[in-house]
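J.:
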Amino acid sequence: MALSALQLAQLALHGAAFLCGIICASALTVTQGQFGGHCMLYGEVRPNGSTLMLAADSPASLCYFVSAVAVVAALAAFSALLHGIYSCCVDDGLWDRTWLGVALAASAFILFFLMVAACILEVGTNALCRSVLQMKLVRSCRDAQNRAWEAADSSRFYDNLYSAKATAWVNFFFWGLLLAVLLLQRRQDAPFRLLSRRDPEWSAETEAIIGGRGPRH
Numbered sequence: 001m002a003l004s005a006l007q008l009a010q011l012a013l014h015g016a017a018f019l020c021g022i023i024c025a026s027a028l029t030v031t032q033g034q035f036g037g038h039c040m041l042y043g044e045v046r047p048n049g050s051t052l053m054l055a056a057d058s059p060a061s062l063c064y065f066v067s068a069v070a071v072v073a074a075l076a077a078f079s080a081l082l083h084g085i086y087s088c089c090v091d092d093g094l095w096d097r098t099w100l101g102v103a104l105a106a107s108a109f110i111l112f113f114l115m116v117a118a119c120i121l122e123v124g125t126n127a128l129c130r131s132v133l134q135m136k137l138v139r140s141c142r143d144a145q146n147r148a149w150e151a152a153d154s155s156r157f158y159d160n161l162y163s164a165k166a167t168a169w170v171n172f173f174f175w176g177l178l179l180a181v182l183l184l185q186r187r188q189d190a191p192f193r194l195l196s197r198r199d200p201e202w203s204a205e206t207e208a209i210i211g212g213r214g215p216r217h
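Here full-length UniProt numbering is used: position 24 in the sequence shown is 24, and no number is missing along the way.
As structure tokens, then:
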């Protein structure tokens, strides 16, 4: 069965959004686990002899919030993907207006929280890197993951944070496109409005059917 371009775009975007959400949550969770459950976002790093140490960190709930947003967005995308596949196979690809209304509201809600989570990751990672660079022991934040850290496994911590941040913004972009696609589909599926006597099309259609009136004598 042939699908419309909008339906194919929806399926592709839902699949991509699902992958982005899983990658973002996984990368942030791995980094948090490497540092004993501490949230490194907005953290402060200090030297401790020949090693580095996380002198201050954010509440663990901050990282939990970002991970939860990514997971919820991924589950929503996966559910919508399954619903779309089911609709195309069973309902001949017809997506009812009730589903479109629910999907629009859910997409706008998720898009807002994805923006908040992406901003937290962006600003939090930058604050951590500024603290690392202020010590002037490394030339970049990426180099700090090659140094020894006290009571932490620093391997790939920056790469994981960068992956979480990048996929969060990509996920936000995908959900923005999804919202635009849903709006276009809702507009295409708008109900037909009957013509009234005031519409110029009314006169044209009436004249074409019954013919114009002849001149009065």
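Quick reminder that beta carbons are idealized off the backbone N, C-alpha and C, glycines included.
For ALA127 and THR31, I'd like the C-alpha separation in whole angstroms.
T.: Whole-angstrom Cα-Cα distance: 16 Å.
J.: Just the Cα atoms here: how many angstroms apart are TYR162 and LEU28?
T.: Distance between the alpha carbons of TYR162 and LEU28 is about 9 Å.
J.: Taking the CB atoms as reference points, tell me whether LEU111 and PHE18 lie closer together than 8 Å.
T.: Going by C-beta atoms, LEU111 is not nearer than 8 Å to PHE18.
J.: Compare the C-alpha of LEU177 against each of LEU104, ARG130, ILE23, PHE78 and name the closest.
T.: Among LEU104, ARG130, ILE23, PHE78, the Cα nearest to that of LEU177 belongs to LEU104.
J.: Could you tell me which residues DSSP puts in a beta bridge with LEU52?
T.: DSSP lists PRO47, TRP149 as partners of LEU52.
J.: By Cβ distance below 8 Å, which residues in the same chain neighbour ILE120 in space, the five residues on each side in sequence not counted?
T.: So the list reads LEU41, LEU62, PHE65, VAL66, once near-sequence residues are dropped.
J.: Kindly list the residues whose CB is nearer than 8 Å to the CB of GLY37, restricted to its own chain and excluding five residues on each side of it in sequence; keep chain order.
T.: Cβ within range, chain order: ALA60.
J.: Per DSSP, CYS39 is paired with what?
T.: For CYS39, which the question treats as bridged, DSSP gives the partners SER58.
J.: For TRP169, which option in PRO47, LEU137, PHE113, GLN145 has the closest C-alpha, if you only look at C-alpha atoms?
T.: Of PRO47, LEU137, PHE113, GLN145, the residue nearest in Cα terms is PHE113.
J.: Report yes if the C-beta distance between LEU184 and SER107 is below 8 Å; otherwise report no.
T.: Not in contact: LEU184 and SER107 (Cβ atoms no closer than 8 Å).
J.: Near ARG153, what residues of its chain come up, given a Cβ to Cβ distance below 7 Å and the 5 sequence neighbours on each side ignored?
T.: Sequence check: residue 153 is Asp here, not Arg. Same-chain partners within the cutoff: GLN34.
J.: Under a three-way DSSP split, which group does CYS141 fall into?
T.: Coil at CYS141, not helix or strand.
J.: Out of LEU137, ALA5, LEU52, state which residue places its alpha-carbon closest to the alpha-carbon of TRP149.
T.: Ranking LEU137, ALA5, LEU52 by Cα distance to TRP149 puts LEU52 first.
J.: With a threshold of 7 Å on Cβ separation, who are the neighbours of CYS24 within its own chain once the five nearest residues in sequence on each side are excluded?
T.: The residues are ALA70, ALA164, THR167, ALA168, ASN171.
J.: Can you give me the C-alpha to C-alpha distance between SER50 and ALA56, rounded to a whole angstrom?
T.: Using only the alpha carbons, I get a separation of about 18 Å.
J.: Can a CB atom of chain C be found closer than 8 Å to the CB of PHE172?
T.: Reference to chain C is not applicable here, since this structure consists of a single protein chain.
J.: Who are the Cβ neighbours of residue 281 in its own chain at under 6 Å, not counting the five residues just before and after it?
T.: Coverage of the chain is limited to positions 1 through 217, which leaves residue 281 absent and any answer about it impossible.
J.: Which of the three DSSP states is assigned to LYS165 in this structure?
T.: Correct three-state label for LYS165: helix.
J.: For LEU195, which three-state DSSP category applies?
T.: Per-residue confidence for LEU195 stands at a pLDDT of 45, beneath the threshold of 50, marking its modelled position as unreliable; the derived number appears in the next sentence. LEU195: coil per DSSP, three-state reduction.
J.: Using the C-alpha atoms, what's the distance from MET115 back to GLU122?
T.: Rounded to whole angstroms, GLU122 to MET115 spans 10 Å at the Cα level.
J.: Rounded to a whole number of angstroms, what is the C-alpha to C-alpha distance between ARG156 and LYS136?
T.: C-alpha separation (whole angstroms): 20 Å.
J.: Expressed to the nearest angstrom, what Euclidean distance is found between the alpha-carbon atoms of LEU194 and PHE109?
T.: Caution is warranted here: a pLDDT of 44 is assigned to LEU194, below 50, making its placement in the model unreliable, and the coordinate value is therefore given only provisionally. Roughly 34 Å separates the two Cα atoms.
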